[in-house]
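Engineer: Going by mature numbering (1 follows the signal peptide of the UniProt record, and there is no 0), the letters in the sequence shown line up with residues -28 to -1, 1 to 208, in that order.
Glycine included, every Cβ here is placed at the ideal spot set by N, Cα and C.
Note that the structure is a prediction, hence the values are computed from the model and not measured.
Got a structure for you, questions after.
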Amino acid sequence: MIKKTYLSWLFFLAMTFLSLVYSQAVSAATLEFSPATGSYSTNENFNVEIKVDTSSQDTQSTDAVIEFDTTLLSVENVTYGSFYPTVLHSEQNGKLYISGVVNDAASVKNGAGTLATVSFKGLTAGTATLSFVCTTGRTDDSNVSKNDLDATDLLVCSSLVEGSYTLSGSTVSTPTPTSTTNTGTGTDTGTTTGTEYLDGSGSTIPATGFTDIIALLPKMLMGLIFIAIGLIPLLI
């Protein structure tokens, strides 16, 4: 009897554990790169889609923080997907931040779709890696937020897969911008004559003695007014 009861409890615990694992697996959202691999030439642009799958869970927003080597890749363009109605992005220090969000609290998004499409350019031969920055329990990195009071993160960081791209060819040289100034004659000589001022139209105006005369006009007018006032008694 005791053995039978023990086996029943053991079976119950095993089924409970399996149901919890299955529930977590079913509800886990994913982020992925598409394509996840590829071979490209340097100085060639290639597109990578950032895809989200909420695993049928209602979500409020998705944040994808993507890390890459800036000596191998540069971000040329980001095209927003249609999965979320509002998408924003920023780039800083080798990290690309892409956020998609619903427009109001009453709206939700579930299913699978494209968060954004990123156009990269290969800069140097080598293997370029894209990875989602994700730490369990953090809210300032990659997250898929469930539509509940706690905005529960549905993303399982350990399930995320990196993108790997082989780049071949010569290093892309980045031209150094040169600084030139305009003389006001329409010919760019790289030199300037006198101090330049900026007018309301945004064009440069060469400094001349005429600007000094304009500055003196208020004083000249005040002097003339005082002279006229002094002459009034003589005219009466």
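Going straight from the alpha carbon of N65 to that of D113, what length do you get?
Structural biologist: Rounded to whole angstroms, N65 to D113 spans 15 Å at the Cα level.
Engineer: Are the segment 48 to 55 and the segment 77 to 92 touching by the rule of at least three beta carbon pairs closer than 8 Å?
Structural biologist: Judged by Cβ distances under 8 Å, the segment 48 to 55 makes contact with the segment 77 to 92, as three or more pairs qualify.
Engineer: Decide if the segment 28 to 40 is in contact with the segment 104 to 111; the criterion is three or more beta carbon pairs, one per stretch, under 8 Å apart.
Structural biologist: Touching, yes.
Engineer: My output table needs one value for S114: the three-state DSSP class, helix, strand or coil.
Structural biologist: Note: S114 maps to coil in three-state DSSP.
Engineer: Going along the chain, which residues of its own chain have a beta-carbon closer than 6 Å to the beta-carbon of T9, five neighbours each way excluded?
Structural biologist: Only S136 meet the Cβ criterion.
Engineer: Can you grab the Cα-Cα spacing for the pair residue 219 / T138, in whole Å?
Structural biologist: There is no way to answer for residue 219, as the model of the chain reaches only from -28 to 208.
Engineer: Using only the alpha-carbon positions, how far apart do V20 and L132 sit?
Structural biologist: Distance between the alpha carbons of V20 and L132: 16 Å.
Engineer: Quick check on DSSP: helix, strand or coil for S79?
Structural biologist: It is coil, neither helix nor strand.
Engineer: Going by C-alpha to C-alpha distance, which of E134, A123, A97 and S117 sits closest to T43?
Structural biologist: If we check each option's Cα against that of T43, A97 comes out closest.
Engineer: Going by C-alpha distance, which of T101, E16 and T34 is nearest T2?
Structural biologist: Considering only alpha carbons, the answer is T34.
Engineer: Using a threshold of 7 Å, state whether the C-beta atoms of S117 and N82 are closer than that.
Structural biologist: Contact flag unset, no.
Engineer: My output table needs one value for S27: the three-state DSSP class, helix, strand or coil.
Structural biologist: Coil, per DSSP.
Engineer: For A123, collect the residues of the same chain with a Cβ closer than 7 Å to its Cβ; drop the 5 residues on either side in sequence, then sort them by chain order.
Structural biologist: Taken in chain order, the residues that qualify are Q32 and S117.
Engineer: Grouping DSSP H, G and I as helix and E and B as strand, with all else coil, what is S71?
Structural biologist: In this structure, S71 counts as strand in the three-state DSSP scheme.
Engineer: What does the Cβ neighbour count give for A78, buried or exposed, with the cut at 16 atoms within 10 Å?
Structural biologist: Exposed, since its Cβ has fewer than 16 Cβ neighbours within 10 Å.
Engineer: With a CB to CB cut of under 6 Å and the five nearest residues on each side skipped, what residues in its chain are close to T143?
Structural biologist: Counting only Cβ-Cβ distances below 6 Å, and skipping sequence neighbours, we find T96.
Engineer: Tell me, which residues are paired with Q64 by DSSP?
Structural biologist: Per DSSP, K67.
Engineer: Could you please give me the residues that DSSP links to F18 through a beta bridge?
Structural biologist: Partner(s): F92.
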